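I have placed the structure first, in the form of structure tokens, so that the comments after it can refer back to it.
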Amino acid sequence: MWAIIVGSMMGSFMLCVLYAEDTLLRRSQCDHCGKFLTWHELIPVVSFILQKGKCRSCGQPIPGNHIITELLFALLFLLFTVHIDDMTGNRILLICFLVPLAIYDTHHFRIPNHMTVLFFLLLLIFNFDQLFNFSHLLYSSVLILLLHLFYFLTKGIGYGDIKLLAVMSLFLPWQYFILIFMLSYIIGGIAAIIFLFYKNQLKKIPLVPFITTSTIIVLIYYDELHSIYFGGFIN
């Protein structure tokens, strides 16, 4: 139960961080009428249900991304508690940032710079020792160089995605990163084909939802995926 409660609270908080580019300390308020919300209007999931998805002051609907994010966080925290024994700070940070970014990228087709910077700084705090790991820095540098070459040669990916993947490559073991990168394009390719089949045209597709989905899959099923892709030849 604690995983569901903590997860939904974290989802609500991260959504505030995502949209509060001007200041992280401002009070929450209605997007329509500007009324400042009281504490009992800010209880994750519960307040949305009790208020029937509407602001108590103006009656306008509360954006659906609020309840979606809170429920996703609750579900993922529960899922990770069941399937992952070693829930490290890195893994928590990955989920806390990738899930709201996936929702944002789906709606706006971009990644807020302040989220990428904050993601980097927090990962740096949790992994300060990595700054002195030469082999890790070497492979991260190679991956970041390859990501930029891929961007400049193909233009098949947004630069916001490049920056996000670069940050992830700095703090993830290279085997994890390669698996996440490959799965992102496999899942994204399948989704693009399905979208084309029903819509007949495709202008652009957000990548972060597929990066997020792939990260979740790799975190839970790393051993199985490692065996499939690397065949036990690489540890």
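The opening residue of the sequence shown carries number 1 in the UniProt record's numbering; numbering runs sequentially from there. For every residue, glycine included, the Cβ atom is placed at its ideal position computed from N, Cα and C. Fair warning: this is a prediction, and the values are worked out from it, not measured in the lab.
Check whether the Cβ atoms of residue i and residue j lie closer than 8 Å to each other.
| i | j | result |
| --- | --- | --- |
| Gly158 | Leu207 | yes |
| Ile144 | Ala166 | yes |
| Thr213 | Leu94 | no |
| Ile211 | Leu98 | yes |
| Gly156 | Ile111 | no |
| Ser28 | Leu18 | no |
| Ile4 | Leu78 | yes |
| Ile162 | Leu149 | no |
| Pro44 | Met9 | yes |
| Gly7 | Thr69 | no |
| Ile103 | Asn65 | yes |
Determine the burial state of residue i: buried for a count of at least 16 other Cβ atoms within 10 Å of its Cβ, exposed for fewer.
| i | result |
| --- | --- |
| Leu179 | buried |
| Asp223 | exposed |
| Ile84 | exposed |
| Ile228 | exposed |
| Asp22 | Residue placement at Asp22 is poorly supported in this model, since its pLDDT is 49, which falls under 50; the coordinates are not used for a value here. |
| Leu219 | buried |
| Gly188 | buried |
| Ser169 | buried |
| Leu15 | buried |
Say whether chain C places a C-beta atom closer than 8 Å to the C-beta of residue i.
| i | result |
| --- | --- |
| Asn113 | No chain C appears in the structure shown, which is made up of a single protein chain. |
Open item on the list: Is it the case that the segment 162-177 contacts the segment 128-140, given that we only count it when at least three CB pairs across the two stretches are under 8 Å?
Closed with: yes
TODO: Just list the alpha helix (DSSP H) runs in the UniProt domain "Prepilin peptidase A24 N-terminal" (5-83), keeping only unbroken ones of 4 residues or longer that don't cross its boundaries, in chain order.
DONE: 46-50 and 64-83
Open item on the list: Would you call the segment 121-140 in contact with the segment 52-62, where contact means no fewer than 3 C-beta pairs closer than 8 Å?
Closed with: no
Task: Ordered list of beta strand (DSSP E) runs contained in the segment 158-187, each at least 3 residues - done: none
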